[in-house]
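Asks: Residue numbers (the numbering used here), protein chains in the order written: chain W, 75 to 293; chain E, 48 to 390.
Idealized CB from N, CA, C, for every residue including glycine.
First the structure, then my questions, so here it is.
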Amino acid sequence: MFSDEVIQMLIQGIGETLYMTLASTLFGYLFGLPMGILLTISDKEGIRPNAILYKIMDVIANIVRSVPFLILLIVLIPFTRMIVGKSYGSTATIVPLVVAAVPYIARMVESSLREVDAGVIEAARSMGASTFTIVTKVLLVEARTSLIVGVTITLGTILGYSAMAGTVGGGGLGDIAIRYGYYRYEAGIMVVTVVLLILLVQIFQTIGMKLSVHLDKRK
Amino acid sequence: MAQIEVRHLTKIFTSKDAKVDALKDINLEIEQGDIYGIIGMSGAGKSTLVRCLNYLEKPTKGEVLIDGKDLGKMSEKELLKQRKDIAMIFQHFNLLMQKNVVDNVSFPLLIQGVKKKEARKKAKELLGIVGLEEKELAYPAQLSGGQKQRVAIARALASDPRILLCDEATSALDPQTTASILELLKDINMRFGITIVIITHQMSVIRKICSHVAIMSQGEIRERGMVEEIFSHPKTKEARELILKDSDEGHSGNSGRTQDRLMEAKKIRIVFSENSSFEPVIANMVLKTGRAVNILRADTKNVGGIAKGEMILGLPDDKKLQKEIEDYIVERGLEIEEVTGDV
Ligand SMILES: Nc1ncnc2c1ncn2[C@@H]1O[C@H](COP(=O)(O)OP(=O)(O)OP(=O)(O)O)[C@@H](O)[C@H]1O
Ligand SMILES: [Mg+2]
């Protein structure tokens with residue numbers, strides 16, 4: 075149906091999309107997880123209430139989250155160039171993706187950690203656990219299934235964003251969909267890329283859910 | 048010097064629109080090895096008090112001294128260390144749901160930096176003590192309430208505490224399971240000499256295992272003392288209400304249920320202390336006065352290991368006859384007390 079050339083291109087597109095999505099999620103968690111933890115513990119109901127710290131992060135998270143991704147992409151061009159040396163291509167796209175993902179992930183982590191039963195935290199405190207121990211040995215462990223669901227949802231969202239970035243020269247499946255499907259009216263290729271994107275989301279979703287159910291010992 | 052000393056403890060919760068005086072100038076002394084019950088209605092401040100004992104809650108005013116050391120003067124680090132000496136169990140068990148039984152019991156040891164292998168070894172021993180060795184690989188969700196509380200007790204014992212705080216530890220359990228958990232606590236108290244502070248709203252719990260009791264109401268301690276003493280001579284309205292409620296809840300031993308709730312002209316409570324059997328007294332009284340009395344309630348209980356009896360009699364209308372009956376009972380060395388209201 076498609077020429078070898080197109081198939082080759084699609085395979086490369088999948089590779090680039092996966093690369094952008096996975097790398098962005100990884101770096102996103104590198105910053106988003108600690109931010110989510112800080113949001114949780116510094117909240118007034120948290121184990122280390124700190125109104126100022128909470129407010130600062132709360133505001134940052136809300137601001138970044140309310141800027142449309144495309145605008146963020148453009149605004150961040152100088153910053154991206156500073157970090158990776160250029161402002162187009164998959165690697166460059168990772169920078170705005172991470173910036174957009176961090177507050178999103180932080181909120182996700184915050185909501186997962188909030189689900190942890192206050193009684194269990196109280197029990198740990200009664201044993202003389204420090205804040206650090208409570209975070210690493212109680213919060214993250216008890217919330218792990220919910221955290222994994224969060225990762226799954228994040229992967230899907232970032233995949234969608236990466237496709238959007240593709241439309242402005244970011245590489246990956248989104249790039250192909252725009253260049254062939256939209257500008258050259260090759261509906262076939264566009265449909266295929268969209269189907270591939272859906273499949274990828276579906277695969278992430280399935281793996282993530284399976285893993286979280288498997289790791290849940292509450293039943 | 049008492050092991051736990053509470054002085055002028057006051058706790059005020061302030062929120063935007065309300066101020067709650069949860070504890071008002073509480074003074075309390077608990078000796079090493081005691082099983083000390085704190086009882087009161089919901090909202091009395093029991094949980095707040097017990098959470099102040101390990102400073103999970105910082106008092107607004109007053110001191111908590113453990114072995115003479117003021118918790119309020121400790122640094123954060125010293126306090127964390129002190130908490131190893133004061134274990135706690137809870138109404139809803141509060142186990143780590145994602146960890147199996149043996150890991151739950153090891154948990155306090157891992158916090159203290161004990162090697163994992165050693166911690167597990169000790170955890171297994173403790174599971175033996177609470178009778179759950181075969182469940183070590185189960186997850187809390189697979190256990191019954193009583194088994195979860197046993198795991199929580201094993202976990203509490205892991206750090207070799209000298210004090211065990213129990214906040215409504217049996218309130219989520221059925222009567223049989225409650226009895227077995229109380230038995231276990233008593234056993235632990237005797238075996239390891241651990242001081243136990245038990246919070247409850249059930250007088251039956253106090254009666255079964257406590258040596259001392261403090262009765263709380265609205266942030267204050269209304270009455271306190273040896274359990275035996277409070278059961279036989281309750282001074283305050285709160286104490287009497289709790290004892291009466293207890294008799295209604297569950298009877299142990301040879302108990303005659305309330306026969307009827309006739310409005311009698313006068314009701315009296317007779318308290319029997321150890322070794323006095325009440326059958327002959329009442330029988331003889333009936334023979335002597337020639338008048339039948341209505342036995343509204345009679346039961347014997349095991350109070351702190353001593354058999355205690357209590358009977359509530361409905362007396363006839365005749366004032367003279369009432370006096371005659373009362374005099375007779377008092378002559379026999381028993382104590383009586385008038386009871387008002389519905390029995
Ligand atoms: N964190 C808090 N903030 C505000 N008020 C509180 C807080 N904790 C407890 N209180 C209030 O303090 C009072 C005593 O509460 P506490 O939980 O100590 O009662 P309790 O005797 O343990 O009751 P229960 O038997 O229902 O557990 C209540 O009026 C309660 O509403
Ligand atoms: Mg309570």
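So which residues on chain W does E/Gln145 lean against when the C-beta distance must stay under 9 Å?
Replies: Position 98 of the second sequence, counted from the first residue, corresponds to residue 145 of chain E. Neighbours of E/Gln145 on chain W, chain order: Val215, Glu216, Ala217, Arg218, Thr219, Leu289, Asp290, Lys291, Arg292.
Asks: Could you tell me whether the Cβ of W/Ala203 comes closer than 8 Å to any Cβ of chain E?
Replies: Numbered from its first residue, the first sequence carries residue 203 of chain W at position 129. For W/Ala203, the answer is yes, since a Cβ of chain E falls inside 8 Å of its Cβ.
Asks: Along the chain, where does the alpha helix (DSSP H) containing E/Glu125 start, and where does it finish?
Replies: Residue 125 of chain E sits at position 78 when you count from the first residue of the second sequence. Unbroken alpha helix (DSSP H) run through E/Glu125: 123-129.
Asks: Please state whether DSSP places E/Phe137 in a helix, a strand or coil.
Replies: In the second sequence, counting from the first residue as 1, residue 137 of chain E sits at position 90. Strand, per DSSP.
Asks: DSSP beta-bridge partners for E/Ala261?
Replies: Numbered from 1 along the second sequence, position 214 holds the residue referred to as residue 261 of chain E. E/Ala261 pairs with E/Ile85, E/Arg271.
Asks: Residues in the same chain with beta-carbon distance under 8 Å from W/Tyr178, minus the five sequence neighbours each way, listed in chain order, please.
Replies: Taking the first residue of the first sequence as 1, we reach residue 178 of chain W at position 104. Once the five neighbours on either side are set aside, the close Cβ partners of W/Tyr178 are Gly102, Gly106, Arg139, Thr228, Thr231.
Asks: Please list, following the chain, all residues that have a C-beta closer than 5 Å to any non-hydrogen atom of ligand 1.
Replies: Taken from the N-terminal end onward, the list reads E/Phe60, E/Val67, E/Ala69, E/Ser89, E/Gly90, E/Ala91, E/Gly92, E/Lys93, E/Ser94, E/Thr95.
Asks: Measuring straight from C-alpha to C-alpha, what distance separates W/Leu361 and W/Arg155?
Replies: With chain W covering 75 to 293 only, the question about residue 361 of chain W has no answer from this structure.
Asks: Once DSSP output is grouped into helix, strand and coil, what is the label at W/Asp132?
Replies: Counted from its first residue, the first sequence places residue 132 of chain W at position 58. In this structure, W/Asp132 counts as helix in the three-state DSSP scheme.
Asks: Using the beta-carbon count (16 or more within 10 Å), is W/Tyr257 buried or exposed?
Replies: Taking the first residue of the first sequence as position 1, residue 257 of chain W is located at position 183. Exposed, since its Cβ has fewer than 16 Cβ neighbours within 10 Å.
Asks: Quick one: grab the DSSP three-state call for E/Ile359.
Replies: Sequence index remark: in the second sequence, residue 359 of chain E carries index 312 (1-based). Of the three classes helix, strand and coil, the one that applies to E/Ile359 here is strand, per DSSP.
Asks: Give a yes or no on whether the minimum CB-CB distance between E/Ile158 and chain W is below 8 Å.
Replies: Locating residue 158 of chain E in the second sequence gives position 111, where the first residue counts as 1. By this cut-off, E/Ile158 is an interface position.
Asks: With a threshold of 7 Å, establish whether the CB of W/Asp290 neighbours any heavy atom of ligand 2.
Replies: Sequence index remark: in the first sequence, residue 290 of chain W carries index 216 (1-based). Answer for W/Asp290: no, Cβ out of range of ligand 2.
Asks: Taking 8 Å as the cut-off, decide whether the C-beta atoms of W/Leu187 and W/Pro170 are in contact.
Replies: Start at 1 with the first residue of the first sequence, and residue 187 of chain W comes out as number 113. Start at 1 with the first residue of the first sequence, and residue 170 of chain W comes out as number 96. For W/Leu187 and W/Pro170, no; Cβs fall outside 8 Å.
Asks: Going by CA-CA distance only, name the one from W/Tyr235, W/Lys211, W/Val183 that's closest to E/Gly160.
Replies: For this step, residue 160 of chain E is matched to residue 113 along the second sequence. Nearest C-alpha to E/Gly160: W/Lys211.
Asks: Look at the alpha carbon of E/Lys66 and the alpha carbon of E/Ser264, and state the distance between them as a whole number of angstroms.
Replies: Here residue 66 of chain E is taken as the residue at index 19 of the second sequence, counted from 1. Here residue 264 of chain E is taken as the residue at index 217 of the second sequence, counted from 1. Spanning the two alpha carbons is a distance of roughly 17 Å.
Asks: Determine, using beta-carbon pairs with one atom in the stretch 177-197 of chain E and one in the stretch 142-161 of chain E, whether at least three such pairs fall under 8 Å.
Replies: The stretch 177-197 of chain E is in contact with the stretch 142-161 of chain E.
Asks: Ordered along the chain, which non-local residues of its own chain (more than five positions away) have a Cβ less than 7 Å from that of W/Arg292?
Replies: Taking the first residue of the first sequence as 1, we reach residue 292 of chain W at position 218. Once the five neighbours on either side are set aside, W/Arg292 has no close Cβ partner at all.
Asks: Is there at least one non-hydrogen atom of ligand 2 closer than 7 Å to the beta-carbon of E/Glu104?
Replies: Walking along the second sequence from the start, residue 104 of chain E turns up at place 57. No, since every heavy atom of ligand 2 falls outside the 7 Å radius drawn around the Cβ of E/Glu104.
Asks: Based on Cα-Cα distance, which residue from E/Ala170, E/Leu179, E/Ile243 lies nearest to E/Arg202?
Replies: Here the question's residue 202 of chain E lines up with position 155 in the second sequence. Of E/Ala170, E/Leu179, E/Ile243, the residue nearest in Cα terms is E/Ala170.
Asks: Report all residues from its chain with a CB closer than 8 Å to the CB of E/Gly115; omit the five preceding and five following residues, and keep chain order.
Replies: Numbered from its first residue, the second sequence carries residue 115 of chain E at position 68. Within the same chain, E/Gly115 has close Cβ partners Met48, Glu52.
Asks: Can you give me the start and stop residues for the alpha helix (DSSP H) that W/Ala251 sits inside?
Replies: Numbered from its first residue, the first sequence carries residue 251 of chain W at position 177. Element bounds for W/Ala251: n/a, residue is neither H nor E.
Asks: Starting from E/Glu371, trace the beta strand (DSSP E) both ways and give me its first and last residue.
Replies: Position 324 of the second sequence, counted from the first residue, corresponds to residue 371 of chain E. Note, E/Glu371: premise wrong, no beta strand (DSSP E); alpha helix (DSSP H) at 366-378.
Asks: By Cβ distance below 6 Å, which residues in the same chain neighbour E/Leu381 in space, the five residues on each side in sequence not counted?
Replies: In the second sequence, the residue the question calls residue 381 of chain E occupies position 334. Same-chain partners within the cutoff: Ile317.
Asks: Measuring alpha carbon to alpha carbon, tell me which residue in E/Met237, E/Phe140, E/Leu212, E/Gly90 is nearest E/Lys131.
Replies: As a first step, residue 131 of chain E must be located in the second sequence, where it is residue number 84. Here the closest residue by C-alpha is E/Leu212.
Asks: Residues in the stretch 206-219 of chain E with C-beta within 9 Å of chain W's C-beta atoms, listed in sequence order?
Replies: Of all residues in the stretch 206-219 of chain E, Ser206, Leu212 have a Cβ within less than 9 Å of some Cβ in chain W.
Asks: Mind pulling the chain W residues with CB within less than 7 Å of E/Pro155?
Replies: As a first step, residue 155 of chain E is located in the second sequence; it is residue number 108 there, counting from the start. Residues of chain W passing the Cβ test: Met201.
Asks: Quick check on W/Thr114 - is its C-beta less than 8 Å from some C-beta in chain E?
Replies: The sequence position of residue 114 of chain W within the first sequence is 40, counting from 1. No, W/Thr114 lies away from the interface with chain E (no Cβ there is under 8 Å from its Cβ).
Asks: May I ask which residues mark the beginning and end of the beta strand (DSSP E) holding E/His55?
Replies: The residue given as residue 55 of chain E occupies position 8 in the second sequence. Where E/His55 is concerned, the enclosing beta strand (DSSP E) stretches over 51-61.
Asks: Let me know the beta strand (DSSP E) ranges lying completely inside the stretch 133-193 of chain E, each 3 residues or longer, listed in chain order.
Replies: Within the stretch 133-193 of chain E, the complete beta strand (DSSP E) runs of at least 3 residues are 133-137.
Asks: Check this for me: beta carbons of E/Glu123 and E/Lys58, under 8 Å apart or not?
Replies: Residue mapping note: residue 123 of chain E aligns to position 76 of the second sequence, counting from 1. Residue mapping note: residue 58 of chain E aligns to position 11 of the second sequence, counting from 1. Their beta carbons are not under 8 Å apart, which means E/Glu123 does not touch E/Lys58 by this criterion.
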